[in-house]
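Novice: Here you go, one structure.
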Amino acid sequence: MLPQRLTGGGSGTSLLGRAHAGLARVSEWACGPAGSRAQAAAVWAATAAMGAFFLWAVAHFGVNAPAFDEWQDTVPLLADPDRFSPARLWAPHNEHRIPLPRLWLLAVLGLSGNDFRAAMFLNAVLLVAGTGLAVWTAARVRGGRTRLTDLFLPLCLLNPAGVENNLWAFQITFISSAFLFLVLLSLILLGRFTAGGVPAPRNAILSTAVLLSLSMCGSKSPCPPPCGC
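Start counting the sequence shown at 0; every next residue gets the next number (numbering that gives the first Met the number 0).
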C-alpha cells in the first residue's frame, strides 16, 4: 500500500493528486498557443545554434588542402580539362559511381578558386538546410504545430559529434544523399494526392527528379545507380 501522505487518506489533497493536476496544467499549456510558440522557439533555436556551430567549425578548423580520397579522385579531375564530361563524372570511384556529388564538388571548387573549404561550407549548409526542412515538414504534418520532441531532428542530424565530417570536402558524397533523402521524404509527406491515391502531377514530377538525383549519389544512397554501383 502507498503511504498515507501520498494518497491523502481522505484528508486534503494527496501528493499524487497534486502531481496529476500539475501535469494536466502543463499539458494544457503545452497544447495552447503560448506553449506551441515556446516549443517551436526552442526547436528552431536549437537548430539554428547547432547549424551555426557547424559553420563556425568549418571557418575555424577547415584546411584548404585535399585529403584522403580527394588525392585519388578530385585532384586529378581538377587537372583534367574534360572533368565535366559525362564519362569523367560517371567514372567509378572505388565501388561507387558518384556523378552528382562529384559535379557539385567540382562546381563549388571552380567557383571558389579551388578552395576546399568552400566545399566544407557546402556540406554544412546542406545539412542545416535539410534539418530545417525536416523540422518544418514535421510541423506541417501536424497542421503547423512544432513539438518539443522535434528536437530529435537537429540532435540527430546536427549532432556536434559529427562536425568532423564537414571538415572533409569529399564527404559531400554522403551528405548529398542525406539532403536529397530529406527532400524526397518531405515531398512524400506533404504531397498532394488525387481521390484515387495517385500523386498530383507536380508532386510526382518533383519526387521523380529527386529520386533520380539520389540514384546518382552512389551505392550508399537509398537508390543506388543503375548499371553498376
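From the three backbone atoms N, C-alpha and C, an ideal C-beta is built for every residue, glycine too. These numbers were taken from a predicted model, which means no experiment stands behind them.
Of all the options D81, D72, L166 and A137, which has the alpha carbon lying nearest to the alpha carbon of V100?
Specialist: Position 101 of the sequence shown, counted from the first residue, corresponds to residue 100. What sits at residue 100 in the sequence shown is Pro, not Val. Minimum Cα distance to P100 is reached at D72.
Novice: So G112 is in the alpha helix (DSSP H); what residue range does that whole segment cover?
Specialist: Here residue 112 corresponds to residue number 113 of the sequence shown, with the count starting at 1. No alpha helix (DSSP H) holds G112; DSSP gives it neither H nor E.
Novice: Classify N63: buried if its beta carbon has 16 or more other beta carbons within 10 angstroms, exposed otherwise.
Specialist: Along the sequence shown, read from residue 1 onward, the residue named residue 63 stands at position 64. So N63 counts as exposed.
Novice: Let me confirm a value: V140 is counted as buried when at least 16 other C-beta atoms fall within 10 Å, else exposed. Which label applies?
Specialist: Position 141 of the sequence shown, counted from the start, is the residue given in the question as residue 140. V140 is exposed by the Cβ-count criterion.
Novice: To the nearest whole angstrom, what separates the beta carbons of V209 and V134, a pair I think is in contact under 8 Å?
Specialist: Within the sequence shown, the letter at position 210 stands for residue 209. Within the sequence shown, the letter at position 135 stands for residue 134. For a cut-off of 8 Å, the C-beta gap from V209 to V134 is around 19 Å, too long to register as a contact.
Novice: Give me the DSSP bridge partner(s) of H92.
Specialist: The residue given as residue 92 occupies position 93 in the sequence shown. Partner(s): H95.
Novice: May I have the straight-line CA-CA distance separating A90 from N202, to the nearest angstrom?
Specialist: For this step, residue 90 is matched to residue 91 along the sequence shown. For this step, residue 202 is matched to residue 203 along the sequence shown. Answer to the nearest angstrom: the Cα atoms are 32 Å apart.
Novice: Would you mind stating whether L126 and N165 have Cβ atoms separated by less than 9 Å?
Specialist: Against the sequence shown, residue 126 aligns to sequence position 127. Against the sequence shown, residue 165 aligns to sequence position 166. Yes, they are a contact pair.
Novice: Using 8 Å as the threshold, is the stretch 54 to 69 in touch with the stretch 159 to 174, meaning 3 or more CB pairs across them?
Specialist: yes
Novice: Compare the C-alpha of G190 against each of T207, S175, A177 and S176 and name the closest.
Specialist: As a working note, residue 190 is residue 191 in the sequence shown. Minimum Cα distance to G190 is reached at T207.
Novice: Just checking my contact of L213 with L186 at CB under 8 Å: how many whole Å lie between their CB atoms?
Specialist: Position 214 of the sequence shown, counting from 1, holds the residue named residue 213. Position 187 of the sequence shown, counting from 1, holds the residue named residue 186. Rounded, the Cβ-Cβ distance is 12 Å, inconsistent with contact.
Novice: By how many angstroms is the C-alpha of L132 removed from the C-alpha of V74?
Specialist: Looking up residue 74 in the sequence shown gives position 75. Looking up residue 132 in the sequence shown gives position 133. Going by the C-alpha atoms only, they are around 33 Å apart.
Novice: Tell me whether M215 sits in a helix, a strand or coil according to DSSP, three-state version.
Specialist: Position 216 of the sequence shown, counted from the start, is the residue given in the question as residue 215. M215 falls in the coil class under three-state DSSP.
Novice: With distances taken between CB atoms, is the gap from L136 to L184 smaller than 9 Å?
Specialist: Here residue 136 refers to the residue found at position 137 of the sequence shown. Here residue 184 refers to the residue found at position 185 of the sequence shown. First, the residue type needs correcting, since residue 136 is Thr and not Leu in the sequence shown. Contact flag set, yes.
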